[in-house]
Structure formats: C-alpha cells, structure tokens
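All the letters of the sequence shown, read from the start, carry residue numbers -21 to -1, 1 to 388 under mature numbering (1 follows the signal peptide of the UniProt record, and there is no 0).
Backbone N, C-alpha and C fix where the C-beta goes; we use that ideal spot for every residue, glycine too.
Given the structure is predicted, the values throughout are model-derived calculations rather than measurements.
Heads up: the structure comes next, in structure tokens.
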Amino acid sequence: MRHLLVLLPVVLFAACGTSDAPCGPANCGGCCSASGECVSGAANDACGTAGLACSVCSPQQACMSKRCEASSTVEMDAGIPDAGNPIVAQPETWTWAPIAGSACGNGAETGVGVNVTTRTQDVLIYLQGGGACWNTLTCGVGAATNIDTGYDAADFAAEGTLNGGPFQRATVNNPFKDMSFVFVPYCTGDVHSGDKVTTYPPFSAAGYTLPEKTVHHKGARNMALIIDRLRDTFPNAQRIFISGSSAGAYGAQFNFPALKAAFPNAEVHSYADCGQMVNPSGTLLTEWVTSWNMQAPADCVGCTTDFTKFPKWLNDTYPQSRFGLLAFTQDNTLRQFFSYSPADFETQTRALLSSAYDGEANARYFVVGGNSHTMLGSFFTQQGPGTLSLRDWTAGFVAGDATWTNEKP
C-alpha cells in the first residue's frame, strides 16, 4: 500500500555560483530565476513562485525533476531525456516507454505504458499496486512486488490489468472508455512515494535468516519523471483522473499535488481504490517515512505524523477537484499492513470517513462491508451497500453530477 504524502527530497540545495552554461540542472542544484541565474532552494521552498521557474515546482513540490524552464536554452541532466519530448504511440494501442533516470527496487530502469486516443482530451492515469516494504523482513520475504526483478517492457507485454476494468474501450457503459490511458508500474515498495536508497541490515528472527538488502525506494522520483513526459504527451488535456489500486491508491493521492502543478489548466481528480489513509498502528508511520524518505507538502501541517490529515488537506487545497474513495470496511490486506484486527481497522476506516469525507463538497466514498481488497477488477459487477453499483457511482464521479453520493453500510 503506497506512500504517505507527496514525497520530495529533504536534501537542501545550495546555490552553485557562476557558470558560462545556461542555468539548468547540470549546473544548478536549486532553481533558475527568470533571468537565468541559479538561486538556492530547499525541498520545501516555493520554487514555482516569485519569478522562479522549474517545471513541476509549486509550493507543494520543489524542483523534484530539476527541469528548469527560465529560458529556451536550459540544459537537462545528463542521461535524462528532454521532458519536452512526448511519448509517441499508435492510437488506441498499448505502448511501453522507458523512462531514463527511473529505478525499481533493484536499481534497474523502468517505464510507463500509454494507450492514447483522439476521442477526447481526457486522461486516466492508473498506478499499479502490490504491497510495500520498510525493513529487512518485509523487503526480504516478498511483501512488495517487483522490487527484486524490476518491471520492464517484457513485464508490460504480459500485464493482464490492461485488458479489464476501466481500460475496456468496447464496453459502452464504461465512463472512462473515451479517455487516453496511462499505466504506471509498481516496483519500488514505497507506495509510489519514496526517494531514498535504503540498505537494511541482516535479520535473523521469527524463523528467518536474511542478508543485508539494499532497496531503491524511488517511487516519488519515478512519478516526477513520468509526469514530466505526460505533460508533453497530453499538452491539451482537459480532464485528468489519477487512480490506482491498493499501493497505487495511496500513490494516486500522494502524487496528486505534483500532477495538478504540472497541469494547471486541466481538471485533475483522484479516484482511489482501497487506499483509505488511516493511521497505522504503533510506530509504523514513522518507519515508513524514515525508510522511504516520504515528505508532506509544506503547508500540510502534521501530515507526516497523522496520515488522516492528508485527504482532508487535499479536499481543502483543491476545492475544484473531486476525490473519490473506494473501500471495504475490514479490508484484510490493508488491515494486515496497518497491523490492526478486522474490527479495529473498520473503526479506523469509519473515523476517517467522518473526518475527511462527510460534509465535504468535493469528496465522496463508496464503501462496502467485508474484508475483500480492491474493486476495479470487478468494475462492472461490484455492487454497493444499497442499490447503486460501482459503475454507476463512478459515472457520477466522472461527470460530477448528483448521482455521486456517499455510500456505506
């Protein structure tokens, strides 16, 4: 299950002095001013304001990809492609695009899948799920998918998710059918929200003897690079829906500010499948933040110590956006990761619905009783606690109409 808050590096960037080269990431660790001068900047600085220009900078995200746009002559990091290059793909055909500078848990490069269409200027971005890991034990016993093997073109060619759920163009009543699709693989173990290479020490206990293990928790960095490419692939996007299941649902919420900053003129909405942001038990949240280097937006006060504050902050910060949550009351997968009994996890979930969704003009939930996990695989058959189906609820969410209501048992 993925990341807690839009993650940005915590390293402080110092000004780099003078240079004959144009201001750019090759010679500037901070931001480039409108006059092309390098100025110092820290991870939480508002680099997108006061005349400073970096591609995906905003008060919530500072120079994560270090692509500066102060002039037409800026340079890019060596080895990282110009983000001005759109992903080229045949219409309505899944295409894999490697993303230079990206990394899976094993350090290998990964990429992104796209299926573009000219039917509309709307885009559905889906973040894959697949567990999480934050210590030698969880990272060594398969709690997070693809961190050892990576995810490349061959994995994408065999990806079964691309044939079902909201990706079905031929299904007449699919509210997403006329959109361009984006598939973001998951291989970093950090719910798409980390930016740290962590080496975990050897572990011997509970019947396990595990060696030292290094994991590239680069989910947030990967998303920043992907968003760079998507901005130029869909320059005229009108509506963007960022979604995901499980770890991907957390990633969709954590990366929402970065996506909105990259597409300021488009509607951007979040559709999270089984990613309720309750507080995990004990010290787990601290362990996640430390192991993955998760960072909250500067004005999301207390969000790195109280998970439940983040969805409320999203609602308040982006009042023109819609935030939809799908959830099971006693989700057996999530409650184990969060270390709760079924009853306690339901209590936490219902408290979150009350504090972050009830009474909100732009946030709604579709909650079903039981311990199942994820709904998008049953997109056309999943029923709600009443008479409303998931498909119909989602159609209301996409349209923003009156049928989009809170549903819970």
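Residue state for Q100 is assigned as coil, using DSSP reduced to three classes. For G348, the CB contacts under 8 Å within the same chain, skipping 5 residues up- and downstream, are F307, T308, Q309, P364, P388 in chain order. Around the C-beta of T72, fewer than 16 other C-beta atoms lie within 10 Å, and the residue is accordingly described as exposed. Taking one beta carbon from each stretch, the region 198 to 216 and the region 120 to 133 have fewer than 3 pairs nearer than 8 Å; the two do not touch.
Secondary structure note for D252: its beta strand (DSSP E) is the uninterrupted segment 246 to 252. Assignment of A184 by DSSP, reduced to helix, strand and coil, places it in the strand class. In the three-state reduction of the DSSP assignment, N201 falls in the helix class. Rounded to the nearest whole angstrom, the C-alpha separation of G109 and V95 is 25 Å. Pairing M158 with F182, the inter-Cα distance amounts to about 47 Å.
Within the DSSP secondary-structure output, A123 pairs in a beta bridge with G110.
Pairwise C-beta distances place the region 333 to 341 in contact with the region 284 to 295, as three or more of them are shorter than 8 Å. The distance from the Cβ of H171 to that of N234 is about 6 Å, consistent with a contact at the 8 Å cut-off.
Its chain contains H248, N341, F376, G379 as the residues whose beta carbon lies nearer than 7 Å to that of R301, once the 5 sequence neighbours on both sides are disregarded; these appear in chain order.
Between the region 272 to 285 and the region 216 to 232 there are fewer than three C-beta pairs closer than 8 Å, too few to call the two in contact. Per DSSP, W267 is one residue of the alpha helix (DSSP H) stretching across 263 to 271.
I104 and F160 have their C-alpha atoms roughly 6 Å apart.
Judged by beta-carbon spacing, L305 lies beyond the 8 Å limit of F286, meaning their Cβ atoms are not closer than that value. Judged by DSSP in its simplified three-state form, F135 adopts helix. DSSP lists V91 as the beta-bridge partner residues of A76. Of the candidates Q100, G90, P65, Q100 places its Cα closest to the Cα of E246. Non-local beta-carbon contacts of C83 in its own chain, meaning distances under 7 Å to residues more than five positions away in sequence, involve T89, N125, I126, G129, Y130, C166, T167, H195 in chain order. Annotation for G227: the continuous alpha helix (DSSP H) segment containing it runs 226 to 233. Unbroken beta strand (DSSP E) runs of no fewer than 3 residues, entirely contained in the region 285 to 355, are found at 302 to 307, 342 to 347, following chain order.
By the Cβ-count criterion, R208 is buried, with 16 or more other Cβ atoms from all chains shown falling within 10 Å of its own Cβ. Taking C-beta atoms under 8 Å as the contact rule, L331 and F324 fail to qualify, at a distance of about 11 Å. Taking the C-beta atoms as reference points, Q232 is found no nearer than 8 Å to A216. Comparing alpha-carbon positions, the option among V93, V176, C112, N153 lying closest to D169 turns out to be C112.
The beta carbon of N385 sits closer than 6 Å to the beta carbons of R343, Y344 from its chain, once the five residues preceding and following it are set aside; these are given in chain order.
Taking C-beta separations shorter than 8 Å and ignoring five residues to either side along the sequence, the partners of M256 in its chain run L(-18), Y229, Q232, F286, T287, F289, P290, L331, A335, following chain order. At a Cβ-Cβ threshold of 8 Å, Q107 and T150 do not count as neighbours.
When DSSP states are grouped into helix, strand and coil, T373 belongs to the helix group. Rounded to the nearest whole angstrom, the C-alpha separation of Q327 and P259 is 9 Å. Taking C-beta atoms as the reference points, P65 and D174 fail to come closer than 8 Å.
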